[in-house]
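**Q**
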Amino acid sequence: MVPFFLIAQMDSIKFTIKPEGSTYSVDRGKTIASVLHELNLYPDAIAVKINSHSADLCTPLEQDVEVSLINASTAEGKEILRHSTSHVMAQAVLELYPGIKIAIGPSVENGFYYDFDYDHSFSPDDLETIENKMKEIVARDLPFKRIEVSREKAIQLFTDKMEPYKVALLNEITDATVSLYRQGEFIDLCRGPHVPSTGKIKAFKLTSIAGAYWRGDERNKMLQRIYGTAFPDESELQEYLKFIEEAKLRDHRKLGKELDLFSIYDEAGSGLIVYHPKGALLRRVLEDFEVKEHLKRGYQLVKGPQILRMDLWEKSGHIDNYRQFMYFTEVDGQKYGLKPMNCVAHMLIYKSRLRSYRDLPIRYFELGTVNRHEKSGVLHGLTRVREFTQDDAHILCTPDQLHQEISRVIDFIRDVMSIFQFDYEMELSTRPEKSIGTDGDWDRATTALRCALDNYHLSYDINEGEGAFYGPKIDVKLKDCLGRSWQCATIQCDFALPERFDLSYIGEDGLKHRPVMLHRVILGSMERFIGVLIEHYAGAFPTWLAPVQAIVLPIADRHFAHAEAVHKQLLEHDIRADIDLRNESLRLKIREAQLQKIPYMLVIGDREVENRGVSPRHRSGDDLKFMTVENFIEKIKILCSQELQIKTT
Ligand SMILES: [Zn+2]
Ligand SMILES: [Zn+2]
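Numbering (this note's numbering), first residue to last: 1210 to 1858.
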């Protein structure tokens, strides 16, 4: 006979809830959900974390365990909630449209999507139908059940269900066992975890439909992607939907068209930007600003060619590490690569002369246009393109100067971001799998970047394995006025390229030494930055940046002569001005100028002609009192220099 205390030991386990650390003795084999229910604890938990892995609440307890509970209101909880909602959406779609094929359905930032293969294209009305079906499934409160099966069995199951995309995914997996999740009749290949049942889904909305290539590859079939989002409660969902509405109004693709800034033409090629007059002018203003700020900080302007011979790309390591993003051409039997980065020509300039430690640091700056073959699935307006211009610089310095140079770049970024009123966050990215250079170099470079960040007392995240192939980097993510983050500045530390190009300088000791190199951009891609600026300012650029700063609006024919004289005077004084000489009503002219978000409208009527001046009206609706043209010019210039002042905190 087994003594009683031994039975107790065999049949119960220690269940500890972190972070409080309360420990309970519970029956072995029970699920976490049932234990929590009995203990009347954490009714809001939707999943659990065991040894830093998230898992389902229906996980059975087999041994002593420490868990922390995941609530739907946390970032992790929302991800699980949204992923579960994507399964419910797929179930709804399958119930409504039999024969449709399902692809993948992950949670993404702020929501989820699911890709479907269906011969009929979904319309916004369909979204409502699908939402209603989803509500039914939520009301059924179906439990999400995890099932582990062999890969072969799963392949058989999805073959029988005629789900080719699931079979394709399974064929890529090497694991012997895979997990499936079932709710009601719907079954999906999935790692999980999920909420305990569909009833836990409280507030969701399907937001849009888009085309998406299977696996993001344009050679594959185009699938239909339905996006949606889910939140722990209705009020949070409503707040988010309001945010999307605002984001839609600010969408740079929409505003780019309305403000006549740029277009993308299928016939020219996807991901290639064509700047219209106002867009080109906007860009030029930004470029002039950049050149000035760089010269002020001791950078030298340089310019390399668009195409360079293959041998150079082999030497730089691009052929081995970056080939899939490059464009190539061949002329007279000579192969060339279009530059995907600007570094190589800068190496040649450095090498063109013997360098001494007294010459260092050398800072080469180029507004360098590069071409990178991004997959068509990721292309998006100005923010993801195939040809873009970087405000790129390469700083060559002694190892001793490295720290100071990194700090100077961080200062530069801080100054520029203050002008555009962006908040930003920093991230440190470390060595990726595919990389060149020695362990020692990577350590030194990573330490240098880390120290600079620490010295600034800046908090930063670390992205393991996300560095460039030649070195670690600091990425700066700026936050726009809607709180969205965008990649802009980067600082990359590189010991490899100076080695590959055998760069050297003569040190104080009279011997040859190897310089260290920093690659860095401040705004990043001009295209992306302009896209972000359009959304950040909702197209109403500050006066210093506005492609048209003022428009002259004569009321009638008799005012044209004075209007033209004013226009001419503005242009002569470097004010970017336009004039509207159409025979249209003043109201219409003002409305259009307002829609164009031009900072100042100069209405010219009898009074202005008689007194030889202007009565400016700001786009905000403020009327300024009558003034001479000289006064107006002066006013704009003062305003612009105020806007361009660096705000230090
Ligand atoms: Zn899933
Ligand atoms: Zn570079």
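Where is the CB? At the ideal position from N, CA and C, for every residue including glycine.
Flag HIS1485 as yes when its Cβ comes closer than 6 angstroms to any non-hydrogen atom of ligand 2, and as no otherwise.
**A** no
**Q** Once the 5 residues before and after GLU1673 are set aside, which same chain residues still bring their CB inside 7 angstroms of it?
**A** THR1639
**Q** Buried or exposed, going by whether 16 or more other CB atoms sit within 10 Å of the CB of SER1406?
**A** buried
**Q** Quick one: give me the first and last residue of the beta strand (DSSP E) that TRP1695 is part of.
**A** 1694-1703
**Q** Can you tell which of HIS1666, ILE1410, LEU1563 has its C-alpha closest to the C-alpha of GLY1719?
**A** LEU1563
**Q** For PRO1402, does the three-state DSSP call read helix, strand or coil?
**A** The three-state secondary structure of PRO1402, taken from DSSP, is coil.
**Q** How would you label ARG1428, buried or exposed, when you count the other beta carbons within 10 angstroms and need 16 or more for buried?
**A** So ARG1428 ends up on the exposed side.
**Q** Tell me which residues share the same chain as ALA1859 and place their Cβ nearer than 7 angstroms to its Cβ, disregarding the 5 neighbours each side in the sequence.
**A** Since the first residue shown for the chain is 1210 and the last is 1858, residue 1859 is missing from the structure and cannot be characterised.
**Q** Contact between the region 1741-1749 and the region 1688-1699: three or more CB pairs below 8 angstroms?
**A** yes
**Q** How about PHE1606: is its Cβ closer than 6 angstroms to a heavy atom in ligand 1?
**A** The sequence as given places Cys at residue 1606; Phe does not occur at that position. Because no heavy atom of ligand 1 lies under 6 angstroms away, the Cβ of CYS1606 does not count as near it: no.
**Q** In whole angstroms, what separates the C-alpha of GLU1819 from that of LEU1811?
**A** In a straight line, the C-alpha of GLU1819 is about 15 angstroms away from that of LEU1811.
**Q** Short of 7 angstroms in beta carbon distance, which residues of its chain neighbour GLY1507, apart from the five on each side in sequence? Order them along the chain.
**A** ARG1572
**Q** Within this structure, are the beta carbons of PRO1808 and GLN1758 separated by less than 7 angstroms?
**A** yes
**Q** How do the region 1357-1364 and the region 1332-1348 stand: do at least 3 beta-carbon pairs fall below 8 angstroms, yes or no?
**A** no
**Q** Name the one or two DSSP bridge partners that GLU1596 has.
**A** ASN1580
**Q** I need the DSSP call for MET1210, collapsed to helix, strand or coil.
**A** Caution applies to MET1210, whose pLDDT of 46 falls short of 50 and renders its modelled position unreliable; the model cannot decide the point.
**Q** For MET1626, which residues does DSSP report across the bridge?
**A** None; MET1626 has no bridge partner.
**Q** Name the residue from LYS1524, PHE1534, LEU1557, MET1519 whose alpha carbon lies nearest to the alpha carbon of GLY1540.
**A** A small correction: the amino acid at residue 1540 is Val; Gly does not occupy that position in the sequence shown. The shortest C-alpha separation from VAL1540 is found at MET1519.
**Q** In chain order, what residues of the same chain lie with their CB nearer than 6 angstroms to the CB of PHE1395, ignoring the 5 residues before and after it?
**A** Here the set comprises GLN1300.
**Q** Need the endpoints of the beta strand (DSSP E) that TYR1306 sits in, please.
**A** From DSSP, TYR1306 is part of no beta strand (DSSP E); its letter is neither H nor E.
**Q** Using the beta-carbon count (16 or more within 10 Å), is VAL1317 buried or exposed?
**A** exposed
**Q** Can you have a look at HIS1728 and say buried or exposed, based on whether 16 or more other CB atoms are within 10 angstroms of its CB?
**A** buried
**Q** Leaving aside the five residues before and after LYS1310 along the sequence, list all residues of the same chain whose C-beta is less than 8 angstroms from its C-beta, in chain order.
**A** PHE1325, ASP1326, TYR1327, MET1371, GLU1372, PRO1373, TYR1374
**Q** Measure the CB-CB distance between VAL1404 and SER1293 and report whether it falls below 7 angstroms.
**A** yes
**Q** Count the other C-beta atoms from every protein chain shown that fall within 10 angstroms of the C-beta of ARG1593, then say buried if there are 16 or more, exposed otherwise.
**A** buried
**Q** Looking at C-alpha atoms only, which residue of SER1644, GLY1238, GLY1420, HIS1612 is the closest neighbour of HIS1589?
**A** GLY1420
**Q** Is the region 1574-1588 touching the region 1544-1556 in the sense that three or more CB pairs, one from each, lie closer than 8 angstroms?
**A** With a cut-off of 8 angstroms, the region 1574-1588 and the region 1544-1556 count as touching, because enough Cβ pairs lie within range.
**Q** With distance defined between alpha-carbon atoms, name the residue in MET1535, TYR1322, SER1277 nearest to ILE1435.
**A** TYR1322
**Q** What residue from GLY1465, ARG1462, THR1438, VAL1276 has the CA that sits closest to PHE1452's CA?
**A** THR1438
**Q** Specify the secondary structure class of ALA1802 as computed by DSSP and reduced to three states.
**A** Looking at ALA1802 - three-state DSSP - the assignment turns out to be helix.
**Q** Looking only at its own chain, which residues have a Cβ that is under 6 angstroms from the Cβ of MET1210, when we skip the five neighbours before and after it?
**A** Unreliable positioning characterises MET1210 in this predicted model, as indicated by a pLDDT of 46, which lies under 50. A coordinate reading is not provided.
**Q** Counting only the same chain and skipping the five closest in sequence on each side, list residues whose C-beta sits under 6 angstroms from that of CYS1267.
**A** THR1240, ALA1242
**Q** Whole angstroms are fine: how far does the CA of SER1332 sit from the CA of TRP1753?
**A** Looking at the backbone, the Cα of TRP1753 and that of SER1332 are separated by about 43 angstroms.
**Q** Name the two residues that bound the continuous beta strand (DSSP E) containing VAL1733.
**A** For the record, residue 1733 in the displayed sequence is Gly; it is not Val. Residues 1725-1734.
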